[in-house]
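K.L.:
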Amino acid sequence: MTTQVFCDFRHRRSDDRAEKSPRSRERSRVLAALSAALAAMPCIAHHTFANFNTTKTLTLHGTVKELQWTNPHCFVQLLVPGPAGFIEWSLEMNSPLSSYRAGWRPHSMSAGDKVTVTINPSKDGTPSGRLISATDASGHLLGKPEASPTAPQRPSP
Amino acid sequence: MRQRAYLAAAVSQTVLLLAGSNSSGAAEPAVRAQRFARLPDWVGVWQTEAGAAAVSGAGARAAAAGAASLPPSFKSCGPVGFPTIMNIPLADFMFELLVTPEQTLLVSTDGTVRHIYTDGRSHPKPQDLWPTPAGDSIGHWEGPTLVVDTIAREPGPVAPIRGSPVLSAAAHFTERLHRLDVDTLEDVMTIDDPQGLKQPLHSTIRYTRAHDLDRLIPIDCEHDRNIIGDHLGIAPPR
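So the sequence lines, in the order shown, correspond to chains A and B. Under the numbering used here, think of the first position of the first sequence as 1, with each following residue one higher. Under the numbering used here, think of the first position of the second sequence as 1001, with each following residue one higher.
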């Protein structure tokens, strides 16, 4: 069972769906490329997450300053101790809709909570990144981890 | 005299009942209940199969691999309009359907609302019509299938991505929407647009019912912290 996205719309004659002219093949190639482009922006969102290094994972231990339960994306503001005091990290999540489906709730984290997170850090070197997974002080997973090439596997129940 | 008045009132009431409508044009409750009973149950939150696949995680991997092919300025948190809402493979785009005898209402997470009137009306006269993001839709039932006719959609690309076919304001959409099984809906869509397309576009789109949502949760761009353009990044917290 497959779904054709709009880019899969066939530029074909309604009375001849088996048309295989070079022109139609070229259209098919163009539309297939469009299909790949649309299908490639899934879980997410309103930009491509291209600013994150998805081949690198960092683990941070810190104190929650705030969970911003906002559209288009939620953010965790995390205070992480550093050599010269706390550094505030901005950790991007998915939308409230997708986060909710993944088991997150607006109060899954509260200010002052001690948490451990894994992230894909930003490429620009700022203290920011994409949140992959988070556990509370007891080691319990908060929500479902993000699928990522470097994301840790979800523990078996 | 009084008997004649009663008789007239009784005849009037009978005519109204037979017609199934009262003086305001609304159906009598019993008649309307019968009409409701003939309609399919499409209750639930629906999303394209591709959107559902994105939730599973396979889509996220595809995103990491193919993100470079997207326009850097693309934002999918705002309303994308029709027909994109019917065929968008993104996890955040979902819709609910409210089926009534008078109309079927489709409400999307992006705020787009389609009113598909099934009360027998025609499209407005051309002089009373102008293009809108959702267009003007009328429909009728052929058994369990909702046949939809849509015109007056704002001109523009079919999908908000580079290279998408561009439709004119004269584009004409026909859809046959029906349920394949308890958790699957199918929409068979054709777009005719002699001004914008050399030939009709056809698509068969399937939707699955989400079992992990208890309500439709809206999306928007209200708290957008993403910096796009020459530099991609995250804006400091407000």
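For glycine and all other residues, C-beta sits at the position ideal for the given N, C-alpha and C.
(1) With 8 Å as the threshold, decide whether the Cβ of residue 110 of chain A is near any Cβ in chain B.
(2) Looking only at DSSP bridge pairs, what is residue 77 of chain A linked to?
(3) Given a cut-off of 8 Å, decide if residue 127 of chain A and residue 1224 of chain B are closer than it, judged by their beta-carbon atoms.
(4) Using only alpha-carbon positions, find the residue among B:1194, B:1078, B:1152 and B:1169 that is nearest to residue 1222 of chain B.
(5) Thinking C-alpha only, which one of A:118, A:89, A:54 and A:55 is nearest residue 141 of chain A?
(6) How far does the beta strand (DSSP E) with residue 121 of chain A in it reach, from first residue to last?
(7) Please state if the CB of residue 1191 of chain B and the CB of residue 1148 of chain B are separated by a distance shorter than 8 Å.
(8) Is any beta-carbon of chain A found at less than 8 Å from that of residue 1222 of chain B?
(9) Take residue 107 of chain A as the anchor and find which of A:60, A:136 and A:122 has the nearest alpha-carbon.
(10) List, in order along the chain, the chain B residues whose C-beta lies closer than 7 Å to that of residue 70 of chain A?
(11) Under a three-way DSSP split, which group does residue 1036 of chain B fall into?
(12) Should residue 86 of chain A go down as buried or exposed, given a rule of 16 or more other Cβ atoms within 10 Å for buried?
(13) Consider the Cβ of residue 1237 of chain B: report whether some Cβ of chain A lies at a distance smaller than 8 Å.
(14) If residue 1045 of chain B sits next to residue 1201 of chain B, beta carbons under 8 Å apart, how far is it from one beta carbon to the other, in whole angstroms?
(15) Roughly how many angstroms lie between the CA atoms of residue 120 of chain A and residue 64 of chain A, to the nearest whole one?
(16) Evaluate residue 1108 of chain B with the Cβ neighbour count: other Cβ atoms within 10 Å of its Cβ, from every protein chain shown; 16 or more gives buried, anything less gives exposed.
(17) Nearest by alpha-carbon distance to residue 1220 of chain B: which of B:1112, B:1097 and B:1178 is it?
(18) From what residue to what residue does the beta strand (DSSP E) around residue 131 of chain A run?
(19) Relative to chain B, which residues along the stretch 119-136 of chain A have a C-beta separation below 7 Å, given in chain order?
(20) The alpha helix (DSSP H) that contains residue 185 of chain A, what's its start and end?
(21) Based on Cα-Cα distance, which residue from B:1121, B:1087, B:1083 and B:1092 lies nearest to residue 1101 of chain B?
(22) Check whether the Cβ atoms of residue 1216 of chain B and residue 1094 of chain B lie closer than 8 Å to each other.
(23) Who are residue 49 of chain A's beta bridge partners in DSSP?
(24) Does the distance from the C-beta atom of residue 1179 of chain B to that of residue 1185 of chain B stay below 8 Å?
(25) Does the beta carbon of residue 97 of chain A sit closer than 8 Å to a beta carbon anywhere in chain B?
(26) List the residues of chain B whose Cβ lies closer than 9 Å to the Cβ of residue 75 of chain A, in chain order.
(27) Under 8 Å between the Cβ atoms of residue 1080 of chain B and residue 1160 of chain B?
(28) Any C-beta of chain B sitting closer than 8 Å to the C-beta of residue 53 of chain A?
(29) Per DSSP, residue 1087 of chain B forms a beta bridge with which residues?
(30) Taking only beta-carbon atoms, is residue 101 of chain A less than 8 Å away from chain C?
(31) Tell me the DSSP bridge mates of residue 1226 of chain B?
(32) Does DSSP put residue 1127 of chain B in a helix, a strand or coil?
(33) Whole-angstrom Cβ separation of residue 133 of chain A and residue 146 of chain A, contact assumed at under 8 Å?
(34) Can you find a CB in chain A that lies within less than 8 Å of the CB of residue 1109 of chain B?
(35) Who are the neighbours of residue 84 of chain A on chain B, taking C-beta pairs under 7 Å?
P.N.:
In short:
(1) Within the first sequence, the letter at position 110 stands for residue 110 of chain A. Output row for residue 110 of chain A: interface = no.
(2) Here residue 77 of chain A refers to the residue found at position 77 when the first sequence is read from its first residue. Note: residue 77 of chain A sits in a beta bridge opposite A:66 and A:90.
(3) For the purposes of this step, residue 1224 of chain B is taken as residue 224 along the second sequence, with counting starting at 1. For the purposes of this step, residue 127 of chain A is taken as residue 127 along the first sequence, with counting starting at 1. At a Cβ-Cβ threshold of 8 Å, residue 1224 of chain B and residue 127 of chain A do not count as neighbours.
(4) Indexing the second sequence from 1 puts residue 1222 of chain B at position 222. Minimum Cα distance to residue 1222 of chain B is reached at B:1078.
(5) Reading the first sequence from its first residue, position 141 is the one you call residue 141 of chain A. Among A:118, A:89, A:54 and A:55, the Cα nearest to that of residue 141 of chain A is on A:118.
(6) On the first sequence, position 121 is the one that residue 121 of chain A refers to. From DSSP, the beta strand (DSSP E) with residue 121 of chain A extends over 114-121.
(7) Taking the second sequence and counting its residues from 1, the one referred to as residue 1148 of chain B is at position 148. Taking the second sequence and counting its residues from 1, the one referred to as residue 1191 of chain B is at position 191. Contact flag unset, no.
(8) Sequence index remark: in the second sequence, residue 1222 of chain B carries index 222 (1-based). Yes, residue 1222 of chain B counts as interfacial toward chain A.
(9) Working through the first sequence from its first residue, we reach residue 107 of chain A at position 107. Of A:60, A:136 and A:122, the residue nearest in Cα terms is A:136.
(10) Counting from 1 along the first sequence, the entry for residue 70 of chain A is found at position 70. Simply 1222 and 1223.
(11) Taking the first residue of the second sequence as 1, we reach residue 1036 of chain B at position 36. The three-state reading of DSSP puts residue 1036 of chain B in helix, counting H, G and I together.
(12) Locating residue 86 of chain A in the first sequence gives position 86, counting from the first residue. When all chains shown are included, residue 86 of chain A counts as exposed.
(13) Taking the first residue of the second sequence as 1, we reach residue 1237 of chain B at position 237. With 8 Å as the cut-off, residue 1237 of chain B counts as an interface residue toward chain A.
(14) The count along the second sequence starts at 1 and reaches residue 1045 of chain B at position 45. The count along the second sequence starts at 1 and reaches residue 1201 of chain B at position 201. Not confirmed; about 27 Å, so no contact.
(15) Translated into the one-based positions of the first sequence, residue 120 of chain A becomes position 120. Translated into the one-based positions of the first sequence, residue 64 of chain A becomes position 64. So the alpha carbons of these two residues sit roughly 18 Å apart.
(16) Counting from one through the second sequence, the residue named residue 1108 of chain B turns up at place 108. That one is buried.
(17) Within the second sequence, residue 1220 of chain B is the residue found at index 220, counting from 1. Comparing Cα positions, the closest option is B:1112.
(18) The residue you call residue 131 of chain A lines up with position 131 of the first sequence. Its beta strand (DSSP E) spans residues 128-135.
(19) Near chain B, meaning a CB-to-CB distance below 7 Å, the residues of the stretch 119-136 of chain A are 122, 124, 126 and 128.
(20) No answer is possible for residue 185 of chain A: the residues shown for chain A start at 1 and end at 157.
(21) Position 101 of the second sequence, counted from the first residue, corresponds to residue 1101 of chain B. Minimum Cα distance to residue 1101 of chain B is reached at B:1121.
(22) As a working mapping, residue 1216 of chain B is identified with position 216 in the second sequence. As a working mapping, residue 1094 of chain B is identified with position 94 in the second sequence. Their beta carbons are under 8 Å apart, which means residue 1216 of chain B touches residue 1094 of chain B by this criterion.
(23) Within the first sequence, numbered from 1, the residue matching residue 49 of chain A stands at position 49. The secondary-structure analysis by DSSP pairs residue 49 of chain A with nothing; it has no beta-bridge partner.
(24) As a first step, residue 1179 of chain B must be located in the second sequence, where it is residue number 179. As a first step, residue 1185 of chain B must be located in the second sequence, where it is residue number 185. Cβ atoms of residue 1179 of chain B and residue 1185 of chain B: closer than 8 Å.
(25) Counted from its first residue, the first sequence places residue 97 of chain A at position 97. Closer than 8 Å: yes.
(26) Stepping through the first sequence from its first residue, residue 75 of chain A is reached at position 75. Neighbours of residue 75 of chain A on chain B, chain order: 1223, 1225, 1234 and 1237.
(27) The residue labelled residue 1080 of chain B in the question sits at position 80 within the second sequence. The residue labelled residue 1160 of chain B in the question sits at position 160 within the second sequence. Closer than 8 Å, so yes.
(28) Here residue 53 of chain A is taken as the residue at index 53 of the first sequence, counted from 1. No, no contact with chain B.
(29) Looking up residue 1087 of chain B in the second sequence gives position 87. Bridge partners of residue 1087 of chain B: none, in fact.
(30) Of the protein chains in this structure, namely A and B, none is chain C.
(31) If you number the second sequence from 1, residue 1226 of chain B lands on position 226. Answer is B:1234.
(32) As a working mapping, residue 1127 of chain B is identified with position 127 in the second sequence. Residue 1127 of chain B falls in the helix class under three-state DSSP.
(33) Translated into the one-based positions of the first sequence, residue 133 of chain A becomes position 133. Translated into the one-based positions of the first sequence, residue 146 of chain A becomes position 146. The pair is a contact, with the Cβ atoms about 7 Å apart (cut-off 8 Å).
(34) On the second sequence, position 109 is the one that residue 1109 of chain B refers to. Among the CB atoms of chain A, one or more fall inside 8 Å of the CB of residue 1109 of chain B.
(35) Counting from 1 along the first sequence, the entry for residue 84 of chain A is found at position 84. Under the 7 Å cutoff, chain B gives no residues; its nearest Cβ is about 18 Å from residue 84 of chain A.
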